[in-house]
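Chains as they are written, first to last, in the UniProt record's numbering: chain A, 1 to 525; chain B, 1 to 525.
To start, the structure under review is shown below, and the notes come after it.
There are 2 protein chains.
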Amino acid sequence: MADDRFHVYDTTLRDGAQQEGLNLTVADKLVVARHLDGLGVGFIEGGWPGANPKDTEFFRRARTELDLKHAQLAAFGATRRAGVKAADDPLVAALRESGAPVVTLVAKSHDRHVELALRTTLEENLAMIRDTVSHLRAEGQRVFLDAEHFFDGFRSNPAYALEVIRTAAEAGADVIALCDTNGGMLPDELAEVVHEAVGTSARVGIHCHDDTGCAVANTLAAVKAGATHVQGCANGYGERSGNANLFTVVANLQLKRGYDLVPRESLAEMTRIAHAITEVTNVTPNSHAPYVGMSAFAHKAGLHASAIKVDPNLYQHIDPAQVGNDMRMLVSDMAGRASVELKGRELGYELTPDHTKALVDRVKDMESQGYTFEAADASFELLLRDTVQGERRRHFEVESWRVIVERTKGGELVSEATVKLHAKGERIVATGEGNGPVNALDKAVRLALEQLYPELAKLELIDYKVRILEGTHGTHAVTRVLITSSDERAEWATVGVAENIIDASWQALEQAVTYGLLRAGRELS
Amino acid sequence: MADDRFHVYDTTLRDGAQQEGLNLTVADKLVVARHLDGLGVGFIEGGWPGANPKDTEFFRRARTELDLKHAQLAAFGATRRAGVKAADDPLVAALRESGAPVVTLVAKSHDRHVELALRTTLEENLAMIRDTVSHLRAEGQRVFLDAEHFFDGFRSNPAYALEVIRTAAEAGADVIALCDTNGGMLPDELAEVVHEAVGTSARVGIHCHDDTGCAVANTLAAVKAGATHVQGCANGYGERSGNANLFTVVANLQLKRGYDLVPRESLAEMTRIAHAITEVTNVTPNSHAPYVGMSAFAHKAGLHASAIKVDPNLYQHIDPAQVGNDMRMLVSDMAGRASVELKGRELGYELTPDHTKALVDRVKDMESQGYTFEAADASFELLLRDTVQGERRRHFEVESWRVIVERTKGGELVSEATVKLHAKGERIVATGEGNGPVNALDKAVRLALEQLYPELAKLELIDYKVRILEGTHGTHAVTRVLITSSDERAEWATVGVAENIIDASWQALEQAVTYGLLRAGRELS
């Protein structure tokens, strides 16, 4: 179990799940909990048993199916209702029965919320806190308290807000987490209020939302003011603008403030874990996320490339390996020889000066036509291979293709594609139907090649982006298509550019399949 | 022109454009500049003339095509090279000749960068700063200095970092913007360094990156420490984890710290402007963005719904109307009515309550399918007319259409479209050829209708944008197409959404032609 002096408390499965469009099954929650435990967080808030059947089920299954190494489970719930005993409140009973070693009770600490939302008196709210905390403590659970709307409450009635803290602490709550529930705070004012709370001598925690873009900074400011318990969510999930991103908070505290929060080797898994969780939540990963984003250590270099070769640490705030990420050099129209060489090395090729020059010329020429390689590593690697090998060699050669999209008189929409190609000495003709022209082309190519290359069954087209470049009077617009493909082990992106969107799509598709076959170890014909 | 005492300095077109996957044409840059000016920023950094032909072209076209109301343009560039006179350096000449009233010079302020990246001496670097600043000042331009890697430099050699500030200020630079180039700072340490810099009595600015998730908080901390010039990018665009989100910075300072930075009515356009810029950059809008994100004021109601009705301000940190956003209840229908009524009035329609309700329902339903009307006024107006008139009436009715795109054995690319439609009692069949499927469809429709509606000759399709919208669990991705058309007097935009890109394009095209005919005063059949 983790050191108790400083708590890393994850609330992805409860507050993070409030995010618009995020829906987790019980099985999803168990998987996310395992990932968070793998990172080494101290507490995982699993949900609100009793209020939500899915969460009751989660705690039931967790007992047998979750074998946590670092973390303890926390059950979230409210203080007892007004006018009943804590022992008689069925929602409090559900917390007791959850089997979670920790219960986190949410309580109102803003006088107007007590009156308008809870519709009870300020005194009764304090009694509800006192009774519920002491009841659960007596039953053997550890109790934390989430002081809801604490900062707005402090502004409205500071004496009452502090009284909530004192009441909970005296009744036996170990931590009082101050919640910036509406997320409107800025770090300086927040730190002053935390300082007041710490002055009550209760142990103080912090729970921030990102409505001012300051959730991480607010969390750090609270820690500096004396908080020893930080709440947050994986990838910053949460309602509205999200909760404090727990990964960013942990990396900042551990790598820049010397806190020893998670094992060093777990921190080096953070990027992988962040991405694995996006697979479960089905939320597109934020490529710009600090520390763990795909772009977090990517450089459009040009200007800097030669200096980066001398000392990469001049251009990065930490060694990305500490969080399991990598520096990436993007090949772009601002880049020159140095970045192409670096990129070649990253891909495992040692380029001769002649090859580098040829490749730089080729990239520049293609970029002037509208190609972009910074987001299309696979296309760049194919170009590099062609340059090194001195000719264009592929697994198949295309003779012709045709796409028909039709809206019939009856209103039916039909997309159909035919490809004619040569591979392994055979001429193959295949026709595919799809929900659109590119899907139909994709199906036709697979159909044509799957007999010869059965591994294509694993290749999947997972993203398709289109950009129209310059469309002013006189000049024709050019269409750029980026296709992302996957084979269950990795993803790669390819690019096509043409006046004609179908032609551009075809180029990207052809390269996607070629690269997939190279990955599968297929020799070129 | 804006008040000079506090600068809101946008660098979207220069530093923001370093973002992976973001590529702006000159036309795109002009559009973004107009949006930023509409928001009321003080300065717009347009790019690096001389170093990049696209940026040279931007400044050339800006002279005649940009009519800025609030902002001044700034040209970005480097100090002269080592060992030459500023007056003889062609890159400095390009800054002079850009016509920009302000030049922002980037200069090294980190001793190791001077030695390893610039490969010159610390003294020569100071001379380069002194000469370049005083040369440009003498030529009549206002000069700001970006002190690159300032914070890392201060850690390495504080005396030298401060000497860079003093040298630039003495040579005539109006502002020294301290750049956290690698983005690794946290607010407390950053504020201490800013305080030292302010102590030199130079005017200090701040330029932050989001590698620790603290770019906005760092910017605010610098302002508190005495900085009076803030740099940032629209939507937080930028390399790696992005730059400070200028929209968040402005909203925080203006709504929470009492700064008067942009006109109140422009601030109320911020959400619209943020989204309009994403249409140009073709970067998926971040629905969680503070203040302007789609989800920024969205509540998964449940627990709070009734209390929100009593007093919505108990559950939001600001009134979202201040930034042009809306509270959205994700399960109930509170959003939309007011803005639909307003929009209707703007278009010259007085809507009855029944019509408003029907239109709100329709818009919501269509937005849930992926339509967007923010950037498609013409589609919204057609929808409004359909609602008011109680039926769908058009100048023509389509029976069917078909598009064929083919790459022949000889390598020739052919795009051909056939439309069959009814207009003024006639059935017309026409076939068009084009450089792509949409161009072919466009030609076919014109050919079919031009006998009956000769004014279509003036109608031109001037822009075409495509975005793939991700599907949620189980659903397919859909394609959204935005078409901008013009008739020499005005431009209008229409939207189509479908799984099939050709179908989506067809929808937008059909509306574009219909709207063009309405504008030309053609009665509906």
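For glycine and all other residues, C-beta sits at the position ideal for the given N, C-alpha and C.
Contact list for residue i against chain B, beta-carbon separation under 7 Å
{"i": "Q316 (chain A)", "result": "N182"}
{"i": "L91 (chain A)", "result": "Correct list: empty, because the minimum Cβ distance to chain B is about 13 Å."}
{"i": "L330 (chain A)", "result": "E20"}
{"i": "T56 (chain A)", "result": "Those within 7 Å of T56 (chain A) in chain B number zero; the least Cβ separation is about 17 Å."}
{"i": "A217 (chain A)", "result": "P187, C214, A217"}
Inter-residue Cα distance where the pair is residue i and residue j
{"i": "K512 (chain A)", "j": "V194 (chain B)", "result": "Note that residue 512 (chain A) is Ala in the sequence shown, not Lys. Spanning the two alpha carbons is a distance of roughly 49 Å."}
{"i": "T11 (chain B)", "j": "F154 (chain B)", "result": "24 Å"}
{"i": "S332 (chain B)", "j": "K364 (chain B)", "result": "Here the model assigns S332 (chain B) a pLDDT of 32, short of 50, so the residue's position is not dependable, and the following value carries that caveat. Distance between the alpha carbons of S332 (chain B) and K364 (chain B) is about 12 Å."}
{"i": "Q322 (chain A)", "j": "V223 (chain A)", "result": "22 Å"}
{"i": "P320 (chain B)", "j": "L351 (chain B)", "result": "24 Å"}
{"i": "S339 (chain A)", "j": "V340 (chain B)", "result": "51 Å"}
{"i": "T212 (chain B)", "j": "L30 (chain A)", "result": "29 Å"}
{"i": "G183 (chain B)", "j": "G38 (chain A)", "result": "28 Å"}
{"i": "R137 (chain B)", "j": "A173 (chain B)", "result": "8 Å"}
{"i": "D487 (chain A)", "j": "L459 (chain A)", "result": "5 Å"}
{"i": "A358 (chain A)", "j": "F380 (chain A)", "result": "13 Å"}
{"i": "I318 (chain B)", "j": "G21 (chain A)", "result": "24 Å"}
{"i": "V26 (chain B)", "j": "S109 (chain A)", "result": "53 Å"}
{"i": "W506 (chain B)", "j": "G410 (chain A)", "result": "16 Å"}
Under 9 Å from the C-beta of residue i: neighbouring residues of chain A
{"i": "W492 (chain B)", "result": "Within 9 Å Cβ-Cβ: nothing; W492 (chain B) doesn't reach chain A, min ~15 Å."}
{"i": "A376 (chain B)", "result": "Under the 9 Å cutoff, chain A gives no residues; its nearest Cβ is about 16 Å from A376 (chain B)."}
Proximal chain A residues relative to residue i, where beta-carbon distance stays under 8 Å
{"i": "Q18 (chain B)", "result": "K300"}
{"i": "F297 (chain B)", "result": "R240"}
{"i": "D111 (chain B)", "result": "Here the premise fails: no neighbours, minimum Cβ distance about 11 Å."}
{"i": "E399 (chain B)", "result": "K409"}
{"i": "S415 (chain B)", "result": "N500, I502"}
{"i": "R345 (chain B)", "result": "Those do not exist, as R345 (chain B) stays about 30 Å from chain A at its closest Cβ, beyond 8 Å."}
Beta-ladder partner(s) of residue i, from DSSP
{"i": "D463 (chain B)", "result": "B:T484"}
{"i": "I44 (chain B)", "result": "B:D10, B:L73"}
{"i": "K108 (chain A)", "result": "A:E148"}
{"i": "A93 (chain A)", "result": "Looking at the DSSP assignment, A93 (chain A) forms no beta bridge with any residue, so it has no partner."}
{"i": "A298 (chain A)", "result": "A:R328"}
{"i": "N243 (chain A)", "result": "A:H209"}
{"i": "H229 (chain A)", "result": "A:H7"}
{"i": "L413 (chain A)", "result": "A:R407"}
{"i": "residue 535 (chain B)", "result": "Nothing can be reported for residue 535 (chain B), as the shown portion of chain B is limited to 1 through 525."}
Residue nearest to residue i in terms of C-alpha spacing, selected from the options
{"i": "S368 (chain B)", "options": "B:A78, B:D503, B:V497", "result": "B:V497"}
{"i": "F396 (chain A)", "options": "A:Y453, A:T121, A:A27, A:G199", "result": "A:Y453"}
{"i": "A171 (chain B)", "options": "B:E450, B:R142, B:T484", "result": "B:R142"}
{"i": "Y237 (chain A)", "options": "B:D89, B:S287, B:N235, B:G40", "result": "B:S287"}
{"i": "R328 (chain B)", "options": "B:A298, B:T356, B:A490, B:V198", "result": "B:A298"}
{"i": "V466 (chain A)", "options": "A:T514, A:V106, A:D503", "result": "A:D503"}
{"i": "A107 (chain B)", "options": "B:L447, B:E20, B:E123", "result": "B:E123"}
{"i": "I129 (chain B)", "options": "B:P353, B:G140, B:R14, B:I176", "result": "B:I176"}
{"i": "E406 (chain A)", "options": "A:V478, A:S415, A:V8, A:N157", "result": "A:S415"}
{"i": "P437 (chain A)", "options": "A:T494, A:N500, A:L449, A:S134", "result": "A:N500"}
{"i": "R203 (chain B)", "options": "B:V230, B:H209, B:N218", "result": "B:V230"}
{"i": "R522 (chain B)", "options": "B:R394, B:T104, B:E433", "result": "B:R394"}
Chain-ordered chain B contacts of residue i [CB-CB under 8 Å]
{"i": "E341 (chain A)", "result": "Correct list: empty, because the minimum Cβ distance to chain B is about 17 Å."}
{"i": "L116 (chain A)", "result": "A307, V310, D311, L314"}
{"i": "A161 (chain A)", "result": "Chain B residues near A161 (chain A): none, gap ~15 Å exceeds 8 Å."}
{"i": "N252 (chain A)", "result": "L186, T212, G213, C214"}
The ligand ZN heavy atom lying under 7 Å from the CB of residue i
{"i": "A168 (chain A)", "result": "Absent from the structure shown: the ligand ZN. Ligands present: none."}
Partner residues on chain A for residue i, Cβ-Cβ distance less than 7 Å
{"i": "P290 (chain B)", "result": "D210, D211, T212, G213, S241"}
{"i": "G293 (chain B)", "result": "S241"}
Interface partners of residue i on chain B, CB under 9 Å
{"i": "T248 (chain A)", "result": "T212, G213, C214"}
What residues in the stretch 225-243 of chain B have a beta carbon less than 7 Å from any beta carbon of chain A?
E239, R240, S241, G242
Mind checking the stretch 422-435 of chain A against chain B and listing, in chain order, the residues whose C-beta falls within less than 8 Å of any C-beta there?
N435
Using a beta-carbon distance cut-off of less than 7 Å, what residues from the stretch 165-189 of chain B approach chain A?
N182, G183, G184, L186, P187, D188
Residues of the stretch 254-273 of chain A in Cβ contact with chain B at a cutoff of 7 Å, in chain order, please.
K256
Residues in the stretch 128-158 of chain A having any Cβ partner in chain B nearer than 7 Å:
none
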